[in-house]
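Residue numbers (our numbering), protein chains in the order written: chain U, -19 to 501; chain C, 49 to 536. Ideal Cβ placement from N, Cα and C applies to all residues, glycine included.
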């Protein structure tokens, strides 16, 4: 057991240990439960940062994924599944982001426990959720990946269903059924990769992603096979992203979920889908990726414009933010569809930026709801800047970051994705139509304008103007200490990522280059 | 004729216990009749020990001219059946003591059924298979109607009896034809004999196979021979429904596995299309009707029908390729074992609830998370597991069937796709119960104390499913070793 081979396992599975610990706490000791939640996620965050700090960014590989901190041991020999975890530059920012948001949510829970309480179950499920999400980013065996992937379903179902708002039962089962339907087809796709994949000296197949990537990148799968299986796998990822038209679960789930549920959903869980494209679908099935790229790009462009228009029509503040996620993930998918280094870099940066910004937006909306007890923009009625200047200032800052103002985190992902769409990978990939992608770029450009429009209009309706009489003497309290503590790291990151995007881009560059190289670049 | 006494020791012990249970009941005063359960329980445990003592002693083909054989398949299934027997006994204790039933007679009948289960996996000729199956069913007819004063109980019992007798007749007719055509009863010899047939005789043999399959289809409640099951389950005492849903159906499968993967394996081209249809229709219909159910035992009955469809899927994958047959066999065995655990758990919780809410509507589970947190948590695990979603053992059971389907290719892929769609549909009704327990509030807020024995069983089953989720290899190994020389 060394730091190198145990760090990932300990960090990823520690929340489960914490969840079991929480269940053993005697009834009524809420402070201890919250303390365990904060302590465990804090330790995990520290470990994740330590992994990021001791990771050797200069190491190079010939083929993706370029893993460090590897632990690869037997797990289910009967079906050839292994416990294979590791991390590379692409996973790193997402892995750290998961624990950062997890920790901040635990801190937030120290003050805000949504109705109907039941703090033990709440914290235990959150911890289980964190393990599932983090594990997805470090699993390099397809079965292990799938297990982590599905592990998030049950906790999130209960987080929405028990602690959600009025329409929670409908939203929770819709979320569950949608994502399950997508992921079971993904599982069948994985099994197909297994049986048509490489065979070792003993005639055994493998679920190992490193081996499958090498095999697939080398053209091991037939063209027809790639078309079919890419479709099956992409369906699972597309529902999770969610790509238009598979997005309809998202507005309901995000809107009904408790604040930290929304933060983790938007902040991390959606990235599992886009990460899956980058990590599995593209490198293992490159021909499939080329064939589907125009379709993915087209759906992404539709998503960007559609989401912006939908946002303009929203009356519910939280639902508005939820729909904005569909548009932002559209930019991420557009970047991926270009199959270029800059496009995929944009996608990963966009994932991190969206995680930080939209996570923060959901925190803001959660706190606004806590004050006003309504999420209807009309009921809030404007004038928040007058009553709660600090909260409204932060809300404005984050909203402007989300619309992609240069100098803040939201900018780079969008602009790089549009640049990628201007010149998709036609030099080495036959079949990508430049004109088509430029049309997507224009659609994306229109989308950014509409995005700026709906965010500014939202700020106008919430922050500006005179506060309605009914809120003036309502004793609405501005930002509390616990909110500062859980928000400041995100606010700082929004600024830092905007000013120094290379923090993320340098980490992901090599991994992205290796993937693009599969397409001949 | 030599008899290997160690090999048949489990059967001897259980038979002895049956006699003892019946006799002791005569000498117990009415107040102490529930003691029969403990006698039966001790006998089951002794039988289990005897079964386990056979592990690692190699295959024992010796008894009764090869009709009764002990190999890995036998040991795995006998262990499974005796564990199930222990569970059913434990959940029966309070139910039958407080329900005003004849207790000694019930335990006698239950053990007799389990004796049939015990014989089934060791039976290697048509006659023994038939006898074992009847030994399982015949006491079942009586147990299903044990709620004498209940109309539904009588209806269920009568339906079960009529269908059971009919299916037996059809099956026996098929078996007699096979004997007539091949001159053999032993499965391996039947397999060889059937290969020799051609022309009209082959057609007749196919008809005979059809009859046998139809007979078994009744026992395992495959569509279109399923209609007795929901009524019978609903009318039965809940522990009896647990027995029917888990042990009786698993015994049917243990027999069917031997027939299809050994005796009839070379005729797969004839019967595989039949199983494709059976599997598809059974899982789909079971799931769709289950969506409409609001009574928990009926819901579990239809869920059981859907699950039967899943277990039939590996049969539809049989081909000329022994490695695929091996995967399919392994998938079916593993599924039966894991399904047994989760289904027994679900019935155990239902038994506990039935003491307070005899109608067993889903609404009766409302608010259980507050009234009985452990039961609610366990029931949630069972339902999630039945739906096949991580983090539970049910996921691994389904995975193995998907895997076999994809490995088979062609029709296997289509079946796997049908099964994943069905799995998603099944969430629609499996999650009704957790939803009621956790999301809704009960009118009756008083804490609910479940009998200690039931609670223990439930806790063990829940932990087992969670442990299987983390280390599935152990149970996969059980499936792997029980090869039966599949593929002929």
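(request) Please compile the residues from chain U whose C-beta is within a distance smaller than 9 Å of the C-beta of residue 450 of chain C. (result) One finds 164, 167, 168 and 171 in chain U with Cβ atoms closer than 9 Å to the Cβ of residue 450 of chain C, taken in chain order.
(request) Tell me, please, whether the CB atom of residue 477 of chain C is closer than 7 Å to any CB atom in chain U? (result) no
(message) On a Cα-Cα basis, can you pick out the residue from U/339, U/116, U/31 and U/101 that is closest to residue 246 of chain U?
(response) For residue 246 of chain U, the nearest C-alpha among the options comes from U/339.
(request) Check the Cβ-Cβ distances between residue 535 of chain C and every residue of chain U, and say whether any is below 7 Å. (result) Below a pLDDT of 50, predicted positions are generally treated as unreliable, and residue 535 of chain C, at 36, falls in that range; the measurement from the model is reported next regardless. Output row for residue 535 of chain C: interface = no.
(request) Could you check how far apart the C-beta atoms of residue 447 of chain U and residue 362 of chain U are, in whole angstroms? I think they sit under 8 Å. (result) 7 Å
(request) Look at the alpha carbon of residue 347 of chain C and the alpha carbon of residue 188 of chain C, and state the distance between them as a whole number of angstroms. (result) 20 Å
(message) Cutting at 6 Å between CB atoms, please list the residues of its own chain near residue 539 of chain C, excluding the five before and the five after it.
(response) Any answer about residue 539 of chain C is impossible in this case: the structure gives chain C only from 49 up to 536.
(request) Please state whether DSSP places residue 378 of chain U in a helix, a strand or coil. (result) helix
(request) Give the secondary structure of residue 521 of chain C by DSSP, where H, G and I count as helix, E and B as strand, and everything else as coil. (result) Looking at residue 521 of chain C - three-state DSSP - the assignment turns out to be helix.
(request) State yes or no: is the C-beta of residue 197 of chain C nearer than 6 Å to some heavy atom of the ligand MG? (result) Ligands are entirely absent from the displayed structure, and the ligand MG is therefore not among its contents.
(message) How far does the alpha helix (DSSP H) with residue 63 of chain U in it extend, from its first residue to its last?
(response) Element bounds for residue 63 of chain U: not the alpha helix (DSSP H) but the beta strand (DSSP E), 61 to 67.
(request) Could you please give me the residues that DSSP links to residue 119 of chain U through a beta bridge? (result) U/65
(message) Residues of chain U with CB closer than 9 Å to the CB of residue 437 of chain C, please, in chain order.
(response) 130, 133, 134, 156 and 160
(request) List the residues of chain U whose Cβ lies closer than 8 Å to the Cβ of residue 525 of chain C, in chain order. (result) 58
(request) Could you spell out where the beta strand (DSSP E) holding residue 118 of chain C opens and where it closes? (result) 116 to 118
(message) Using a Cβ-Cβ cutoff of less than 6 Å, which residues in the same chain neighbour residue 253 of chain U once the five nearest sequence positions on both sides are dropped?
(response) 217, 220 and 221
(message) Assuming residue 330 of chain C and residue 357 of chain C are in contact, meaning their beta carbons sit under 8 Å apart, how far apart are those beta carbons, in whole angstroms?
(response) 3 Å
(message) If the criterion is Cβ atoms closer than 7 Å, does the pair residue 117 of chain U and residue 75 of chain U meet it?
(response) In this structure, residue 117 of chain U places its C-beta atom within 7 Å of the C-beta atom of residue 75 of chain U.
(request) Report buried or exposed for residue 482 of chain U, applying the criterion of at least 16 other Cβ atoms within 10 angstroms of its Cβ. (result) exposed
(request) Consult DSSP for residue 225 of chain U and reduce its assignment to one of helix, strand or coil. (result) coil
(request) Just mark residue 490 of chain U as buried or exposed, buried being the case when its beta carbon has 16 or more other beta carbons within 10 Å. (result) buried
(request) Pull up the distance between the alpha-carbon of residue 535 of chain C and that of residue 520 of chain C, whole angstroms please. (result) The pLDDT assigned to residue 535 of chain C is 36, lower than 50, so where the model puts this residue is not dependable, and the model offers no usable value.
(request) May I ask you to report which of helix, strand or coil DSSP gives residue 180 of chain U? (result) Note: residue 180 of chain U maps to coil in three-state DSSP.
(request) Name, going along the chain, the residues of the segment 364 to 391 of chain C whose beta-carbon falls closer than 7 Å to a beta-carbon of chain A. (result) The chain inventory of the structure shown lacks chain A, comprising the protein chains U and C.
(request) Compare the C-beta of residue 206 of chain U with all C-beta atoms of chain C and state if any pair is closer than 7 Å. (result) no
(request) Quickly, what does DSSP pair residue 56 of chain U with across the bridge? List them, please. (result) U/61
(message) Contact criterion: CB-CB distance below 7 Å. Does residue 210 of chain U meet it with respect to chain C?
(response) Closer than 7 Å: no.
(request) Check residue 462 of chain U in the structure and name its three-state DSSP category. (result) In the three-state reduction of the DSSP assignment, residue 462 of chain U falls in the helix class.
(request) Could you name the residues of the same chain whose beta carbon sits closer than 6 Å to that of residue 286 of chain U, not counting the 5 residues immediately before and after it, in chain order? (result) Correct list, in chain order: 224.
(request) Output yes or no for whether 7 Å exceeds the beta carbon distance between residue 399 of chain C and residue 139 of chain C. (result) yes
(request) Go through its chain and collect everything with a Cβ distance to residue 168 of chain C's Cβ below 6 Å, but skip five positions before and after it. (result) 180, 299, 302 and 303
(request) Provide the residue span of the alpha helix (DSSP H) that contains residue 383 of chain U, from first to last. (result) Taken as a continuous stretch (DSSP letters only), residue 383 of chain U belongs to no alpha helix (DSSP H), as it is neither H nor E.
(message) Please confirm whether residue 516 of chain C has its beta-carbon closer than 7 Å to some beta-carbon of chain U.
(response) So no, residue 516 of chain C is outside the interface.
(request) Determine the chain C residues that contact residue 141 of chain U at a beta-carbon separation under 8 Å, and present them in chain order. (result) In chain order: 483, 486 and 487.
(request) Name the one or two DSSP bridge partners that residue 343 of chain C has. (result) C/409
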